[in-house]
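Peer 1: Line order of the protein sequences matches chains A and B.
All residue numbers for the first sequence refer to my numbering, where the first residue is 356 and numbers rise by one.
All residue numbers for the second sequence refer to my numbering, where the first residue is 356 and numbers rise by one.
Positions of the beta carbon are idealized from the N, C-alpha and C atoms, including for glycine.
This is the structure I want to talk about, given as structure tokens.
Protein chains: 2
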Amino acid sequence: MTIRIGILGYGNLGRGVEAAVRQNPDVELKAVFTRRDPASLTIQTPTAKVLHQDQAAGMRDEIDVLILCGGSATDLPQQTPAFASIFNVVDSFDTHARIPEHFAAVDAAAKKAGKVGLISCGWDPGMFSLNRLYAGCILPQGQDYTFWGKGVSQGHSDAVRRIEGVIDARQYTIPVEQALEAVRSGKAPDLTTREKHTREVFVVAEEGADKARIEREIKTMKNYFDQYDTTVHFISEEEMKRNHSGLPHGGRVIRTGQTGFNAEHTHVVEYSLKLDSNPEFTSSVIVAFARAVYRLHKEGQTGCKTVFDLPPAYLSPKSGEELRASLL
Amino acid sequence: MTIRIGILGYGNLGRGVEAAVRQNPDVELKAVFTRRDPASLTIQTPTAKVLHQDQAAGMRDEIDVLILCGGSATDLPQQTPAFASIFNVVDSFDTHARIPEHFAAVDAAAKKAGKVGLISCGWDPGMFSLNRLYAGCILPQGQDYTFWGKGVSQGHSDAVRRIEGVIDARQYTIPVEQALEAVRSGKAPDLTTREKHTREVFVVAEEGADKARIEREIKTMKNYFDQYDTTVHFISEEEMKRNHSGLPHGGRVIRTGQTGFNAEHTHVVEYSLKLDSNPEFTSSVIVAFARAVYRLHKEGQTGCKTVFDLPPAYLSPKSGEELRASLL
Chain A
356 MTIRIGILGY GNLGRGVEAA VRQNPDVELK AVFTRRDPAS LTIQTPTAKV
406 LHQDQAAGMR DEIDVLILCG GSATDLPQQT PAFASIFNVV DSFDTHARIP
456 EHFAAVDAAA KKAGKVGLIS CGWDPGMFSL NRLYAGCILP QGQDYTFWGK
506 GVSQGHSDAV RRIEGVIDAR QYTIPVEQAL EAVRSGKAPD LTTREKHTRE
556 VFVVAEEGAD KARIEREIKT MKNYFDQYDT TVHFISEEEM KRNHSGLPHG
606 GRVIRTGQTG FNAEHTHVVE YSLKLDSNPE FTSSVIVAFA RAVYRLHKEG
656 QTGCKTVFDL PPAYLSPKSG EELRASLL
Chain B
356 MTIRIGILGY GNLGRGVEAA VRQNPDVELK AVFTRRDPAS LTIQTPTAKV
406 LHQDQAAGMR DEIDVLILCG GSATDLPQQT PAFASIFNVV DSFDTHARIP
456 EHFAAVDAAA KKAGKVGLIS CGWDPGMFSL NRLYAGCILP QGQDYTFWGK
506 GVSQGHSDAV RRIEGVIDAR QYTIPVEQAL EAVRSGKAPD LTTREKHTRE
556 VFVVAEEGAD KARIEREIKT MKNYFDQYDT TVHFISEEEM KRNHSGLPHG
606 GRVIRTGQTG FNAEHTHVVE YSLKLDSNPE FTSSVIVAFA RAVYRLHKEG
656 QTGCKTVFDL PPAYLSPKSG EELRASLL
């Protein structure tokens with residue numbers, strides 16, 4: 356009995372989910388849904404259907420978990436609550452500041468429908484969040500630091516692409532080396548957002564576009580760029596393709612904390628990722644958590660969940676006995 | 356309403372639990388139980404009782420979770436099942452090979468008594484196990500590596516101390532640098548136990564003890580030393596005190612894995628700890644998980660659990676809403 360998966364949206368993330376499903380024998384891809392013309396998509400799984408997203412509801416009995424692969428800016432705030440009325444869903448909503456309202460909308464829809472909706476799944480939010488939670492509970496007297504990069508942020512690249520006059524864009528997040536060293540030394544420095552990272556954006560603009568306006572719109576974009584020192588480069592489509600076609604990323608979550616009757620001992624907990632492909636790693640996280648969502652739903656749970664709510668064992672195809680014998 | 360804690364065994368780990376409880380306002384130390392003369396113990400918490408362990412059962416209604424701070428070699432296999440018949444318990448049983456039988460014994464006792472018993476809690480087993488589980492579920496096509504040290508292993512030091520003629524001992528686990536570099540490069544090397552770590556032991560022997568026999572007993576000790584290259588140094592009590600009184604430790608769990616339709620992308624996931632005090636960090640992990648055990652029991656769950664079974668949110672004093680807003 357396999358876990359039957361649907362994918363909504365066949366961009367980088369959707370293709371990553373398709374690839375990840377192949378590595379998990381207990382999971383099967385049943386359908387890819389798109390808002391484009393289904394005939395225009397070529398997928399890699401001969402046994403799966405390609406359908407327009409309007410046909411998704413008709414597949415409700417053939418899919419256990421629908422994975423939503425749209426963007427956080429405009430797609431997911433609509434899609435996740437809408438599809439949580441029909442399916443168990445997982446999304447990778449990553450606008451941190453808007454998570455509480457997204458949670459509330461998905462929770463209401465999923466509870467009404469008797470479904471489970473897991474939001475903000477991936478590596479940040481996702482695995483980084485989990486590491487912040489665990490380390491913070493272990494070392495309540497301490498300091499949290501998250502560093503990203505060097506790597507391409509899909510969310511930020513996507514946001515720039517939505518600016519008028521922009522054909523294509525790639526945004527690199529770069530950690531500031533001195534800040535990283537100060538943190539790892541256990542000095543517990545107080546760092547502003549600006550002191551921790553810089554942002555570098557490569558833009559292909561339309562012929563005759565107002566580049567000064569585009570640059571200004573990027574640098575002042577709320578939540579995305581306004582708190583960072585950002586450098587913008589305008590390049591040709593050819594250069595974009597040649598030098599910026601990969602989607603590497605990574606980063607680290609560090610917590611330093613003190614223990615002892617007099618806080619005399621210092622500890623450094625660090626979780627780091629070095630990723631050749633950000634969307635494929637994110638997709639791989641999502642597929643593991645889709646297994647957990649399937650199990651929660653089988654147990655009769657409903658409503659919106661986050662990575663904080665799922666027992667780690669639910670992510671694994673192995674039994675509790677196997678896990679204890681091999682991994683504990 | 357605080358979570359009321361008891362400590363059984365007031366060695367390094369027990370004192371660490373006492374210190375950790377102070378950092379968690381929702382947790383309170385009610386009693387320390389010892390097999391020594393209670394009058395011989397001086398604890399740091401004026402509001403807590405010091406009692407003989409035979410008096411523990413009489414405190415069953417005043418303690419929510421009893422934390423067992425004995426050793427894995429001989430104490431915990433007896434103590435954890437015995438006390439799981441009376442209390443919710445947490446232990447840090449760390450003999451990996453014997454976890455399945457320990458689980459079975461604690462599970463039977465805890466289920467019969469309607470209690471929850473969490474075993475093998477700490478950093479390894481514990482946080483390292485969790486990181487092996489998460490990374491393995493995310494990257495099913497990959498390789499796991501665990502490196503320890505450089506640091507003092509309490510379990511191994513304790514095992515050496517039980518050898519006849521040994522007054523005191525300190526065992527350092529040391530990762531082999533070339534092995535670590537090969538793993539982090541993504542080369543996925545196949546490493547034997549012996550290639551990954553060396554062990555170094557400092558021993559204070561009794562006057563006139565047979566040092567050759569002690570060294571032989573150490574180097575051939577099953578599960579603890581027989582698979583490693585071990586160096587043994589005999590030193591004076593004074594040198595032990597001067598140079599080896601701290602209990603630093605650390606280590607890292609690394610998983611490298613491949614994703615993509617043709618396994619074309621490589622990822623490196625690394626969790627690392629750098630600890631000034633191994634017992635205080637272990638104790639801090641245990642206290643966070645004791646909170647989770649308390650909640651599971653309140654929900655009506657019973658039986659033996661491991662870190663794999665507990666939803667991460669249960670470790671935190673914060674509400675789901677606070678966690679989503681601040682850490683996700």
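1. Spatial neighbours of residue 651 of chain A within its chain, please: CB distance less than 6 Å, with the 5 preceding and 5 following residues excluded, ordered by chain position.
2. Nearest to residue 663 of chain B by alpha carbon, out of B:429, B:489, B:577, B:447?
3. What's the call for residue 401 of chain A, buried or exposed, on a 16-neighbour Cβ count within 10 Å?
4. If you count every other CB in all the chains shown that lies within 10 Å of the CB of residue 495 of chain A, and 16 or more means buried, which is it?
5. Who does residue 388 of chain B pair with in a DSSP beta bridge?
6. Identify the contact partners of residue 498 of chain B in chain A, using a Cβ-Cβ distance below 9 Å as the criterion.
7. Which residues in chain D have a C-beta closer than 7 Å to the C-beta of residue 551 of chain B? List them in chain order.
8. Select from A:391, A:439, A:528 the residue whose C-alpha is nearest the C-alpha of residue 633 of chain A.
9. Using beta-carbon positions only, say whether residue 627 of chain A and residue 623 of chain B come within less than 9 Å of one another.
10. Could you name the residues of the same chain whose beta carbon sits closer than 6 Å to that of residue 599 of chain A, not counting the 5 residues immediately before and after it, in chain order?
11. Is residue 530 of chain B close to chain A? Criterion is C-beta to C-beta, closer than 9 Å.
12. Nearest chain B C-beta to residue 427 of chain A closer than 9 Å, yes or no?
13. Name the chain B residues whose beta carbon is nearer than 7 Å to that of residue 375 of chain A?
14. Between which two residues does the beta strand (DSSP E) containing residue 467 of chain B stretch?
15. Does the distance from the C-beta atom of residue 602 of chain A to that of residue 506 of chain A stay below 9 Å?
16. Helix, strand or coil, according to DSSP, for residue 533 of chain A in the structure here?
17. Given that residue 491 of chain A touches chain B, what residues does it touch there, using C-beta distances under 8 Å?
18. Note the first and the last residue of the continuous beta strand (DSSP E) segment covering residue 626 of chain A.
19. Tell me whether residue 473 of chain B sits in a helix, a strand or coil according to DSSP, three-state version.
20. Can you tell me the Cα-Cα spacing of residue 562 of chain B and residue 520 of chain B, whole angstroms?
21. Under 9 Å between C-beta atoms, does residue 446 of chain B make it to chain A?
22. Among A:660, A:536, A:475, which has the Cα closest to the Cα of residue 447 of chain A?
23. Residue 580 of chain A by DSSP, collapsed to three states: which one?
24. Would the beta-carbon of residue 609 of chain A fall within 9 Å of that of residue 539 of chain A?
25. Do residue 461 of chain A and residue 435 of chain A count as a contact pair if the criterion is CB distance below 9 Å?
26. Based on the DSSP output, what are the partners of residue 299 of chain A in its beta bridges?
27. Given that a residue counts as buried once 16 or more other Cβ atoms are within 10 Å of its Cβ, and exposed if not, what is residue 391 of chain B?
28. Please state whether DSSP places residue 493 of chain A in a helix, a strand or coil.
29. Within the continuous alpha helix (DSSP H) that includes residue 652 of chain A, where are the two ends?
30. Does residue 448 of chain B come out as helix, strand or coil in the three-state DSSP assignment?
31. Considering only the alpha carbon of each residue, which of A:656, A:679, A:486 lies closest to residue 469 of chain A?
32. Assess, as a yes-or-no matter, whether the region 372-384 of chain A is touched by the region 396-411 of chain A under the definition of 3 or more beta carbon pairs within less than 8 Å.
33. Taking the C-alpha atoms as reference points, what is the distance between residue 419 of chain A and residue 477 of chain B?
34. By DSSP, does residue 438 of chain B sit in helix, in strand, or in coil?
35. Please name the residue, chosen from A:647, A:571, A:376, that lies closest to residue 674 of chain A on a Cα-to-Cα basis.
36. Identify each residue in the region 617-635 of chain A for which the Cβ-Cβ distance to at least one residue of chain B is less than 7 Å, and report them in chain order.
Peer 2: A quick look at the data gives this:
1. Within the first sequence, the letter at position 296 stands for residue 651 of chain A. Spatial neighbours of residue 651 of chain A in its own chain (CB-CB distance under 6 Å, excluding positions within 5 residues in sequence) are listed in chain order as 471.
2. Position 308 of the second sequence, counted from the start, is the residue given in the question as residue 663 of chain B. When B:429, B:489, B:577, B:447 are compared, the shortest CA-CA separation from residue 663 of chain B is found for B:489.
3. Locating residue 401 of chain A in the first sequence gives position 46, counting from the first residue. Per the 10 Å Cβ criterion, exposed.
4. Indexing the first sequence from 1 puts residue 495 of chain A at position 140. Flag for residue 495 of chain A reads buried.
5. What you label residue 388 of chain B is simply residue 33 of the second sequence in a count that begins at 1. Its beta-bridge partners are B:363, B:406.
6. Residue 498 of chain B sits at position 143 when you count from the first residue of the second sequence. Those within 9 Å of residue 498 of chain B in chain A number zero; the least Cβ separation is about 14 Å.
7. Looking at the structure shown, chain D is missing, and the protein chains on hand are A and B.
8. Along the first sequence, one-based indexing puts residue 633 of chain A at 278. If we check each option's Cα against that of residue 633 of chain A, A:528 comes out closest.
9. By one-based count along the first sequence, residue 627 of chain A stands at place 272. By one-based count along the second sequence, residue 623 of chain B stands at place 268. Contact: yes.
10. As a position in the first sequence, residue 599 of chain A is number 244, starting the count at 1. Take residue 599 of chain A, set aside five residues on each side of it, and the residues of its chain with a beta-carbon closer than 6 Å to its own are 525, 557, in chain order.
11. Position 175 of the second sequence, counting from 1, holds the residue named residue 530 of chain B. Cβ-Cβ to chain A under 9 Å: no for residue 530 of chain B.
12. Counted from its first residue, the first sequence places residue 427 of chain A at position 72. Using a CB distance cut-off of 9 Å, residue 427 of chain A does not count as an interface residue toward chain B.
13. Taking the first sequence and counting its residues from 1, one reaches residue 375 of chain A at position 20. Among the residues of chain B, those whose CB is under 7 Å from the CB of residue 375 of chain A are 614, following chain order.
14. Along the second sequence, one-based indexing puts residue 467 of chain B at 112. Taken as a continuous stretch (DSSP letters only), residue 467 of chain B belongs to no beta strand (DSSP E), being part of the alpha helix (DSSP H) at 454-468.
15. Stepping through the first sequence from its first residue, residue 602 of chain A is reached at position 247. Stepping through the first sequence from its first residue, residue 506 of chain A is reached at position 151. Yes, these two residues count as a Cβ contact at 9 Å.
16. On the first sequence, residue 533 of chain A is found 178 positions in, with the first residue counted as 1. Note: residue 533 of chain A maps to helix in three-state DSSP.
17. For the purposes of this step, residue 491 of chain A is taken as the residue at position 136 of the first sequence. The CB of residue 491 of chain A comes closer than 8 Å to the CB of 671, 682 in chain B, given here in chain order.
18. Counting from 1 along the first sequence, the entry for residue 626 of chain A is found at position 271. Segment 620-630, the beta strand (DSSP E) holding residue 626 of chain A.
19. Here residue 473 of chain B corresponds to residue number 118 of the second sequence, with the count starting at 1. Reduced to three states, the DSSP call for residue 473 of chain B is strand.
20. The count along the second sequence starts at 1 and reaches residue 562 of chain B at position 207. The count along the second sequence starts at 1 and reaches residue 520 of chain B at position 165. When only Cα atoms are considered, residue 562 of chain B and residue 520 of chain B end up about 8 Å apart.
21. Numbered from 1 along the second sequence, position 91 holds the residue referred to as residue 446 of chain B. Residue 446 of chain B does not count as touching chain A.
22. Position 92 of the first sequence, counting from 1, holds the residue named residue 447 of chain A. From the listed residues A:660, A:536, A:475, the smallest Cα separation to residue 447 of chain A is found for A:475.
23. Along the first sequence, read from residue 1 onward, the residue named residue 580 of chain A stands at position 225. In this structure, residue 580 of chain A counts as coil in the three-state DSSP scheme.
24. Looking up residue 609 of chain A in the first sequence gives position 254. Looking up residue 539 of chain A in the first sequence gives position 184. Remark: C-beta atoms of residue 609 of chain A and residue 539 of chain A approach each other more closely than 9 Å.
25. Position 80 of the first sequence, counted from the first residue, corresponds to residue 435 of chain A. Position 106 of the first sequence, counted from the first residue, corresponds to residue 461 of chain A. For residue 435 of chain A and residue 461 of chain A, yes; Cβs fall inside 9 Å.
26. Chain A is shown from 356 up to 683; residue 299 of chain A falls before or after that span and cannot be answered.
27. Residue 391 of chain B sits at position 36 when you count from the first residue of the second sequence. With fewer than 16 other Cβ atoms inside 10 Å of its own Cβ, residue 391 of chain B counts as exposed.
28. Here residue 493 of chain A refers to the residue found at position 138 when the first sequence is read from its first residue. In the three-state reduction of the DSSP assignment, residue 493 of chain A falls in the helix class, which pools H, G and I.
29. Along the first sequence, one-based indexing puts residue 652 of chain A at 297. It spans 633-653 - the alpha helix (DSSP H) in which residue 652 of chain A sits, taken as one unbroken run.
30. On the second sequence, residue 448 of chain B is found 93 positions in, with the first residue counted as 1. Look at residue 448 of chain B here: in three-state DSSP terms it is coil, with no helix or strand label.
31. The residue labelled residue 469 of chain A in the question sits at position 114 within the first sequence. A:656 is the residue among A:656, A:679, A:486 whose C-alpha sits nearest the C-alpha of residue 469 of chain A.
32. By the Cβ criterion, the region 396-411 of chain A is in contact with the region 372-384 of chain A, since at least three pairs of Cβ atoms, one from each stretch, lie closer than 8 Å.
33. Locating residue 419 of chain A in the first sequence gives position 64, where the first residue counts as 1. Locating residue 477 of chain B in the second sequence gives position 122, where the first residue counts as 1. In this structure, the straight-line span from the alpha carbon of residue 419 of chain A to that of residue 477 of chain B is close to 36 Å.
34. Locating residue 438 of chain B in the second sequence gives position 83, where the first residue counts as 1. Helix, per DSSP.
35. As a position in the first sequence, residue 674 of chain A is number 319, starting the count at 1. The shortest C-alpha separation from residue 674 of chain A is found at A:647.
36. So the close ones are 620, 621, 622, 623, 624, 625, 626, 627, 628, 629, 630, 631, 632, 635.
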